[in-house]
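Take the sequence shown: its position 111, counting from 1, is numbered 111 in our numbering, and each next residue is one higher.
Take a look at the structure set out below.
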Amino acid sequence: MGLCMEKEAEDVYDSFYNNPSYGGPDNYYQLNGKPLIVYWGPISWGDDLVFSWDSYGEDQTYGNCFTMRYAAHVFSGTYGWNILPGGTQRHNEVEVVSPGWGFSGTNPVLRNCGDFYSECWNFVLRNPKPRIVMIAGFNDYLERTAVFTTDTSNLIIDGEKWYGHNGQLHPSMYWDMTIDNINTLRGGCGNG
Numbered sequence: 001m002g003l004c005m006e007k008e009a010e011d012v013y014d015s016f017y018n019n020p021s022y023g024g025p026d027n028y029y030q031l032n033g034k035p036l037i038v039y040w041g042p043i044s045w046g047d048d049l050v051f052s053w054d055s056y057g058e059d060q061t062y063g064n065c066f067t068m069r070y071a072a073h074v075f076s077g078t079y080g081w082n083i084l085p086g087g088t089q090r091h092n093e094v095e096v097v098s099p100g101w102g103f104s105g106t107n108p109v110l111r112n113c114g115d116f117y118s119e120c121w122n123f124v125l126r127n128p129k130p131r132i133v134m135i136a137g138f139n140d141y142l143e144r145t146a147v148f149t150t151d152t153s154n155l156i157i158d159g160e161k162w163y164g165h166n167g168q169l170h171p172s173m174y175w176d177m178t179i180d181n182i183n184t185l186r187g188g189c190g191n192g
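Spelled out as structure tokens, the structure:
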């Protein structure tokens, strides 16, 4: 697995980080003085990934160009993907917020008219601030983590529609909440 990680790091370095067509290094998020690369895998893979990289005895030229982190279920310290019903987990480096989560054949984490997303953000705001607040999905509609404005009126399942507590659809509700909470996090005033 270490070789696979090295090859992926090489591809990201050449195709994106060091590619002026994508803005080069100035457009890549830095963590601990290096560009951040996040590897995904179920949580047991996360442990395997860390072990695989640490024990990989071959050339690590490209992997060592990056700060490596791991994504899996949203457990403390992971860069999340599918949030669990317990919501945001406390960590000094990264905390993940999400309006919900669901994918065909899984038990969904319901949006509950925005309450779940509010609970995630409230957890972040009432605790010592992490270095990074990661929004699980800007426009991932397939896994129901999107926050960007969208019309959900034609969706078949009511649980996928973005209703507010007033029973009305709110296409921009999650985007508005995102902006408001980011402003609050930065020390400004939110809109609501």
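We treat Cβ as the ideally placed atom computed from N, Cα and C, and that holds for glycine.
#### Entry: Cβ of R126 within 8 Å of any chain B Cβ
Within the model displayed, chain B is absent; a lone protein chain is all it includes.
### Query
Could you give the residue range of the alpha helix (DSSP H) that holds E8?
Annotation: the continuous alpha helix (DSSP H) that includes E8 extends over G2 to V12.
### Query
Which ranges would you report for the beta strand (DSSP E) in the region 100-159 if only whole runs of at least 3 residues count?
Complete beta strand (DSSP E) runs here, min 3: 132-135.
### Message
Quick check on the burial criterion: 16 or more other C-beta atoms within 10 angstroms. Buried or exposed for C120?
### Response
Per the 10 Å Cβ criterion, buried.
### Query
Just how far apart, CA to CA, sit R131 and D151?
D151 has its alpha-carbon roughly 33 Å from the corresponding atom of R131.
### Query
Distance, Cα to Cα, G192 vs A9?
Confidence at G192 is low in this model, with a pLDDT of 48, below 50, so the placement of that residue is unreliable and no value is reported for it.
### Query
What separation, rounded to the nearest whole angstrom, lies between the Cα atoms of S172 and I135?
Using only the alpha carbons, I get a separation of about 16 Å.
### Message
Buried or exposed for N181, going by 16 or more other Cβ atoms inside 10 Å?
### Response
Classification for N181: buried.
### Task
Determine the DSSP secondary structure at N166, reduced to helix, strand or coil.
DSSP, reduced to helix, strand and coil, places N166 outside both helices and strands of the structure shown, so it counts as coil.
### Query
Does the distance from the CB of Y117 to the CB of R126 come in under 8 Å?
No, Cβ-Cβ distance for Y117 and R126 is not below 8 Å.
### Query
Between D140 and the rest of its own chain, which residues show a CB-CB distance below 8 Å, the 5 nearest in sequence each way excluded?
Counting only residues of its own chain and dropping the five nearest sequence neighbours on each side, D140 has a CB closer than 8 Å to the CB of A146.
### Query
Does DSSP put V94 in a helix, in a strand, or in coil?
Strand at V94.
### Task
Report yes if the CB atom of F103 is closer than 8 Å to the CB atom of E143, and no otherwise.
In this structure, F103 sits near E143, with a CB-CB distance shorter than 8 Å.
### Inter-residue CB distance, S76 and Q89 (contact presumed, cutoff 8 Å)
Sure, about 4 Å apart at Cβ, within 8 Å.
### Query
Given that a residue counts as buried once 16 or more other Cβ atoms are within 10 Å of its Cβ, and exposed if not, what is Y22?
Per the 10 Å Cβ criterion, exposed.
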